[in-house]
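*Asks:*
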Amino acid sequence: EDKVVQSPLSLVVHEGDTVTLNCSYEVTNFRSLLWYKQEKKAPTFLFMLTSSGIEKKSGRLSSILDKKELFSILNITATQTGDSAIYLCAVNAGGTSYGKLTFGQGTILTVHP
Amino acid sequence: DGGITQSPKYLFRKEGQNVTLSCEQNLNHDAMYWYRQDPGQGLRLIYYSQIVNDFQKGDIAEGYSVSREKKESFPLTVTSAQKNPTAFYLCASRATGGTNEKLFFGSGTQLSVL
Chain A
19 EDKVVQSPLS LVVHEGDTVT LNCSYEVTNF RSLLWYKQEK KAPTFLFMLT
69 SSGIEKKSGR LSSILDKKEL FSILNITATQ TGDSAIYLCA VNAGGTSYGK
119 LTFGQGTILT VHP
Chain B
-6 DGGITQSPKY LFRKEGQNVT LSCEQNLNHD AMYWYRQDPG QGLRLIYYSQ
44 IVNDFQKGDI AEGYSVSREK KESFPLTVTS AQKNPTAFYL CASRATGGTN
94 EKLFFGSGTQ LSVL
């Protein structure tokens, strides 16, 4: 069975801190890993990673994938209160499970002023 | 505007009743998905469909049913067999083939039991 595990499950920081969110996975026929941010209702897309060692960056957010050790990290530098959200990691499978996207439990990030 | 529309936003179910959640997309996407989210938690896959008239069970399909008669529509029925249906339900879609693996989400339906 495909498995995606995120850690920590929750995190409380102050504005300006840097945070690292983790996502490990066990998936047959890995195709890609995706990060989403969920503030209220619909999750919004952050990054898609397919190759090891190549950092994706968008402003204060960055992410990298390690396909050998089967994990990804999402870094947020100089956090702001607007970064408070649930961060979701999902893994896209291939082979007989083609099309199946499995999410982790999410990390609840709270940023205090 | 292209997007995914879920309705209703809020739904109440009486015990023993089946209810159907609607999901419509005009993005011309082949694949559609239903996820369940419990408070403060991640998303769990209920059913997914890669093509019209075909769908697969996800990790928590028991007590749910779906149909995919049209490309644009993927309704989810929560049956009376689902004993703990109170949750937030998200529908999503994506294009298939190539590198189009990003999911687009609707705004969700909050289902509660009376």
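Those protein sequence lines, which keep their order, are chains A and B.
Heads up: take any position in the first sequence, counting from 1, add 18, and you land on my numbering.
Oh and the second sequence: position 52 is 45 in my numbering, straight run, nothing missing.
All C-beta atoms, glycine included, are put in the ideal place defined by N, C-alpha and C.
Taking the C-alpha atoms as reference points, what is the distance between residue 40 (chain B) and residue 58 (chain B)?
*Replies:* The residue you call residue 40 (chain B) lines up with position 47 of the second sequence. The residue you call residue 58 (chain B) lines up with position 65 of the second sequence. Distance between the alpha carbons of residue 40 (chain B) and residue 58 (chain B): 8 Å.
*Asks:* Can a CB atom of chain A be found closer than 8 Å to the CB of residue 104 (chain B)?
*Replies:* Along the second sequence, one-based indexing puts residue 104 (chain B) at 111. Taking Cβ atoms only, chain A never reaches closer than 8 Å to residue 104 (chain B), which makes this a no.
*Asks:* If we call anything under 8 Å between Cβ atoms a contact, is residue 47 (chain A) one with residue 89 (chain A)?
*Replies:* For the purposes of this step, residue 47 (chain A) is taken as residue 29 along the first sequence, with counting starting at 1. For the purposes of this step, residue 89 (chain A) is taken as residue 71 along the first sequence, with counting starting at 1. No.
*Asks:* Counting along the chain, where does the beta strand (DSSP E) carrying residue 20 (chain A) start and finish?
*Replies:* Against the first sequence, residue 20 (chain A) aligns to sequence position 2. Where residue 20 (chain A) is concerned, there is no enclosing beta strand (DSSP E), given that its DSSP letter is neither H nor E.
*Asks:* Assuming residue 125 (chain A) is part of the beta strand (DSSP E), what are its boundary residues?
*Replies:* Counting from 1 along the first sequence, the entry for residue 125 (chain A) is found at position 107. Here the beta strand (DSSP E) through residue 125 (chain A) covers 125 to 130.
*Asks:* Tell me which residues share the same chain as residue 120 (chain A) and place their Cβ nearer than 6 Å to its Cβ, disregarding the 5 neighbours each side in the sequence.
*Replies:* Counted from its first residue, the first sequence places residue 120 (chain A) at position 102. Result list for residue 120 (chain A): 20, 22, 109, in chain order.
*Asks:* What is the residue span of the beta strand (DSSP E) that residue 32 (chain A) lies within?
*Replies:* One-based indexing of the first sequence puts residue 32 (chain A) at position 14. Its beta strand (DSSP E) spans residues 28 to 32.
*Asks:* Using DSSP bridges, identify the partner residues of residue 106 (chain B).
*Replies:* Locating residue 106 (chain B) in the second sequence gives position 113, where the first residue counts as 1. In DSSP, residue 106 (chain B) forms a bridge with B:6.
*Asks:* Looking at chain A, is there any beta carbon in it that lies within less than 8 Å of the beta carbon of residue 34 (chain B)?
*Replies:* If you number the second sequence from 1, residue 34 (chain B) lands on position 41. True, the Cβ-Cβ gap to chain A drops below 8 Å.
*Asks:* By Cβ distance, which residues of its chain are closer than 8 Å to residue 25 (chain B), with the 5 residues on each side in sequence left out?
*Replies:* Within the second sequence, the letter at position 32 stands for residue 25 (chain B). So the qualifying residues of the chain are 16, 18, 41, 42, 61, 67, 84, 85, 86.
*Asks:* From residue 72 (chain A) to residue 54 (chain A), what does the alpha carbon distance come to, in whole angstroms?
*Replies:* The residue you call residue 72 (chain A) lines up with position 54 of the first sequence. The residue you call residue 54 (chain A) lines up with position 36 of the first sequence. So the two alpha carbons sit approximately 18 Å from each other.
*Asks:* In the stretch 51 to 73 of chain A, which residues sit with their C-beta less than 7 Å from some C-beta in chain B, listed in chain order?
*Replies:* Within the stretch 51 to 73 of chain A, the residues whose Cβ lies closer than 7 Å to some Cβ of chain B are 52, 59, 60, 61, 63, 66, listed in chain order.
*Asks:* Cβ of residue 9 (chain B) less than 8 Å from any chain A Cβ?
*Replies:* Residue numbering aside, residue 9 (chain B) sits at position 16 when the second sequence is read from its first letter. No, residue 9 (chain B) lies away from the interface with chain A (no Cβ there is under 8 Å from its Cβ).
*Asks:* What are the partner residues of residue 89 (chain A), as DSSP defines its beta bridges?
*Replies:* Here residue 89 (chain A) corresponds to residue number 71 of the first sequence, with the count starting at 1. In DSSP, residue 89 (chain A) forms a bridge with A:42, A:84.
*Asks:* Would you mind stating whether residue 81 (chain B) and residue -3 (chain B) have Cβ atoms separated by less than 8 Å?
*Replies:* Looking up residue 81 (chain B) in the second sequence gives position 88. Looking up residue -3 (chain B) in the second sequence gives position 4. Contact flag unset, no.
*Asks:* According to DSSP, which residues form a beta bridge with residue 120 (chain A)?
*Replies:* On the first sequence, position 102 is the one that residue 120 (chain A) refers to. Note: residue 120 (chain A) sits in a beta bridge opposite A:109.
*Asks:* Give the straight-line distance between the Cα atoms of residue 31 (chain A) and residue 58 (chain A), rounded to the nearest whole angstrom.
*Replies:* In the first sequence, counting from the first residue as 1, residue 31 (chain A) sits at position 13. In the first sequence, counting from the first residue as 1, residue 58 (chain A) sits at position 40. Distance between the alpha carbons of residue 31 (chain A) and residue 58 (chain A) is about 20 Å.
*Asks:* Could you name the residues of the same chain whose beta carbon sits closer than 8 Å to that of residue 138 (chain B), not counting the 5 residues immediately before and after it, in chain order?
*Replies:* As shown, chain B starts at -6 and ends at 107. That puts residue 138 (chain B) outside it, with no answer to give.
*Asks:* With the cut-off set at 8 Å, would you say residue 89 (chain B) and residue 23 (chain B) are in Cβ contact?
*Replies:* As a working note, residue 89 (chain B) is residue 96 in the second sequence. As a working note, residue 23 (chain B) is residue 30 in the second sequence. For residue 89 (chain B) and residue 23 (chain B), yes; Cβs fall inside 8 Å.
*Asks:* Going straight from the alpha carbon of residue 92 (chain A) to that of residue 86 (chain A), what length do you get?
*Replies:* Within the first sequence, numbered from 1, the residue matching residue 92 (chain A) stands at position 74. Within the first sequence, numbered from 1, the residue matching residue 86 (chain A) stands at position 68. If you take the alpha carbons of residue 92 (chain A) and residue 86 (chain A), they lie about 17 Å apart.
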